[in-house]
Amino acid sequence: MDCVDYPRIFPNSPRKARGQIQVIFGPMFSGKSTELMRRVRRFQVAQYNCLVVKYAKDTRYSDSGMATHDKNTMAAVPANCLNDVRPLALNACVIGIDEGQFFPDTVEFCEEMANLGKTIIVAALDGTFQRKPFGNILNLVPLAESVVKLHAVCMQCYKEAAYTKRIGAEKEVEVIGGADKYQAVCRRCYGGLMKDKENSAPLRNQAQQQ
């Protein structure tokens with residue numbers, strides 16, 4: 055479905071939004087980027103200056119813009135560090151950040167911008183494929199005014215999925231990919247799908263006993 059791509063900046067926008075941090079957590083395929091786009095567009099329609107930032111290494115669906123898994127897009131500025139877009143951020147009222155877990159300075163940047171009166175909306179994975187905290191992204195929780203965790207549909211049993219399971223052989227935490235490398239899974243299917251014996255044996259045993 056095609057989406058309307060509103061411009062990021064309107065000439066008559068209000069000068070400031072009320073400072074706050076909104077965090078959208080969830081596993082892959084849970085609609086985090088879609089929800090980020092929805093929230094940003096609400097501000098765009100209200101004629102707020104909006105800036106959207108995407109992780110520069112994520113070029114799965116678009117080289118320049120932000121894109122969802124189902125190919126909806128929104129204009130975005132690519133960056134490897136959020137501090138790189140600080141001059142643009144200072145001129146914006148609302149800042150959307152996609153894949154916030156990948157930026158090394160997400161927590162500090164969001165706190166600074168919120169204290170300057172800006173609304174920050176961050177979409178991020180809360181956990182790695184090993185169900186461990188993704189970098190320091192969880193440090194945003196005590197600083198945020200709003201935190202939600204979305205769920206996907208388990209790609210094995212079709213129940214609620216809270217976790218991301220890597221189906222590739224890579225061991226690095228940062229491996230960018232889509233359905234070719236990851237699945238959204240529930241607790242039971244996460245244990246049954248793990249191939250790493252060291253991590254999966256206890257979970258398999260628990261699943262068999264239930």
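Residue numbers for the sequence shown follow the numbering used here, so the first one is 55 and each next one is one higher.
Glycine residues also receive a C-beta, built at the ideal position from the N, C-alpha and C atoms.
When the options are compared against residue i, the one with the closest alpha-carbon
i      : options                           : result
Pro81  : Tyr212, His205 and Cys211         : His205
Val239 : Cys208, Glu166 and Gly222         : Cys208
Lys203 : Ser84, Glu165 and Gln74           : Ser84
Glu89  : Ala110, Gln74, Thr122 and Arg72   : Thr122
Arg93  : Arg241, Pro132 and Ile75          : Ile75
Phe156 : Gly119, Gln237, Leu105 and Asp180 : Asp180
Cys211 : Leu192, Lys235, Pro187 and Arg241 : Arg241
Leu144 : Cys104, Pro187 and Phe188         : Cys104
Ala177 : Val161, Arg140 and Phe183         : Val161
Gly154 : Pro141, Lys235, Ser87 and Gln237  : Ser87
Arg95  : Thr127, Val131 and Ile191         : Thr127
Lys235 : Phe183, Ala129 and Met167         : Phe183
Val139 : Val107, Ala129 and Ala168         : Val107
Residue i CB to nearest heavy atom of the ligand COA below 6 Å
i     : result
Met91 : This structure simply doesn't include the ligand COA, nor any ligand for that matter.
Cβ-based neighbour list, residue i, same chain, cut-off 7 Å, excluding 5 preceding and 5 following
i      : result
Phe163 : Leu136 and Asn137
Glu165 : Leu197
Gln263 : Confidence in Gln263 is poor, its pLDDT being 48 and thus under 50, which makes the residue's placement too unreliable to answer from.
Lys251 : Only weak support is given to the placement of Lys251: the predicted model assigns it a pLDDT of 43, under 50, and the question is left unresolved by the model.
Pro158 : Cys135
Chain-order list of residues whose beta-carbon lies under 8 Å from that of residue i (same chain, five-residue window excluded)
i      : result
Val195 : Val77 and Val201
Tyr244 : Arg185, Tyr217, Lys219 and Leu257
Arg72  : Gly171 and Thr173
Ala110 : Pro132, Ala133 and Asn134
Residue span of the alpha helix (DSSP H) that contains residue i, given as start and end
i      : result
Leu144 : Arg140 to Leu144
Ala168 : Thr160 to Asn169
Element boundaries [beta strand (DSSP E), containing residue i]
i      : result
Ala238 : Tyr236 to Val239
Ala178 : Thr173 to Ala178
Min CB distance residue i to chain B below 7 Å
i      : result
Asp152 : Note that chain B does not occur in the displayed structure, where there is just one protein chain.
Neighbourhood of residue i by C-beta distance below 6 Å, restricted to the same chain and skipping five residues each side
i      : result
Gln213 : Per the sequence presented here, residue 213 reads as Lys, with Gln not at that position. Closer than 6 Å at the Cβ level, and outside the excluded window around Lys213, lie Cys240.
(request) State whether the stretch 86-106 contacts the stretch 212-224, with contact taken as three or more CB pairs (one from each stretch) at a distance under 8 Å. (result) Taking a cut-off of 8 Å on C-beta distances, the stretch 86-106 does not touch the stretch 212-224, as fewer than three cross pairs fall below it.
(request) Taking 8 Å as the threshold, find out whether the stretch 142-149 comes into contact with the stretch 159-176 through three or more Cβ pairs. (result) yes
(request) Jot down the residue ranges of each uninterrupted alpha helix (DSSP H) in the stretch 71-126, minimum 4 residues, whole runs only, in chain order. (result) 86-99
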